[in-house]
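> Provided herewith is a single structure, encoded as structure tokens, for subsequent inquiry.
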Amino acid sequence: MNNIACIKKLAMNRYHGNLSAENGPAHWDRVWENAQILIPKTKANKTVVQLFCYLHDCCSVYDGKEPEHGPAGAFFIKQNKELFSFLSEQEFKLLVEACEKHAFHELSEDPTIGTCWDADRLDYGRYGIYPKVQFLSTEAAKDPDLIEKSYQRSITEVAQAS
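Quick note, in our numbering, the sequence shown goes up one by one and the last residue is 1636.
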């Protein structure tokens, strides 16, 4: 089992929400799908972004307004720092910051953090919200076709899970 697979399993074990909920593992997979489209265009750090996809909501307890889940996720990552020894110090800092601040509707000029946040925000359809360009950090994520495809994927997959 590689490092990413081990950390994904750790995130699944940590997650206390409903597995089929809006912030659950199906969402994490859709965020990773969005990220894989963005990474070649944004030149983001693929490893950091993939880790973000599986860790950013692992400390969610329920769906809905839960602003503390980002900082809780960052704390969880710091508590388990030894598991991230394959990351450089800079990569580790990027991961922590991306997870900590992802729910605060900020924008980032850093391509890796911006890609993390955009990949997540492109999945807002799970809440019935169409992603808005002004809340996306990267030019790649602002592509109207990508926004539409991501939105349709999120509403279709959420409807199928219901």
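All C-beta atoms in this analysis are idealised placements derived from N, C-alpha and C, irrespective of residue type, glycine included.
What three-state label does DSSP hand Thr1612 in the structure shown?
coil
> With a Cβ-Cβ cutoff of 7 Å, do Cys1480 and Trp1506 count as a contact?
no
> Looking at Cys1573: is its Cβ nearer than 7 Å to the Cβ of Ala1548?
Yes; because the gap between Cβ atoms is below 7 Å, this pair is in contact.
> If we call anything under 7 Å between Cβ atoms a contact, is Leu1644 one with Val1535?
Residue 1644 lies beyond the stretch modelled for the chain, which goes from 1475 to 1636, so this question has no answer here.
> Where does Val1570 fall in DSSP's three states?
The answer is helix: DSSP assigns Val1570 an H, G or I state.
> Report the residue from Ala1546, Ala1518 and Asp1619 whose alpha carbon sits nearest the alpha carbon of His1576.
Ala1546
> My understanding is that Asp1597 touches Ser1624, with C-beta atoms under 8 Å, so please give their C-beta distance in whole angstroms.
7 Å
> Let's test the definition: count the other Cβ atoms within 10 Å of the Cβ of Ser1628 and tell me whether it reaches 16, buried, or not, exposed.
buried
> Look at the alpha carbon of Glu1571 and the alpha carbon of His1530, and state the distance between them as a whole number of angstroms.
Straight through space, the alpha carbons of His1530 and Glu1571 are spaced by roughly 10 Å.
> For my contact list, Ala1518 and Thr1589 are in at a C-beta cut-off of 8 Å; report their separation, rounded to the angstrom.
Confirmed, about 4 Å.
> So, using beta-carbon positions, are Lys1520 and Ile1513 closer together than 7 Å?
Their beta carbons are under 7 Å apart, which means Lys1520 touches Ile1513 by this criterion.
> Cα-Cα, which of Gly1599, Ser1611, Ser1559 and Glu1565 is closest to His1579?
Ser1611
> Rounded to whole angstroms, what's the CA-CA distance from Phe1566 to Asn1554? Just pull it up for me.
11 Å
> Give me the Cβ distance between Glu1496 and Tyr1601, rounded to the nearest whole Å; I'm assuming they're in contact under 8 Å.
6 Å
> Thinking C-alpha only, which one of Pro1618, Trp1502, Asp1619 and Thr1516 is nearest Glu1583?
Thr1516
> In whole angstroms, what is the alpha-carbon distance linking Asp1503 and Gln1608?
24 Å
> Need the endpoints of the alpha helix (DSSP H) that Asp1531 sits in, please.
First-last for Asp1531: undefined, no H or E at that position.
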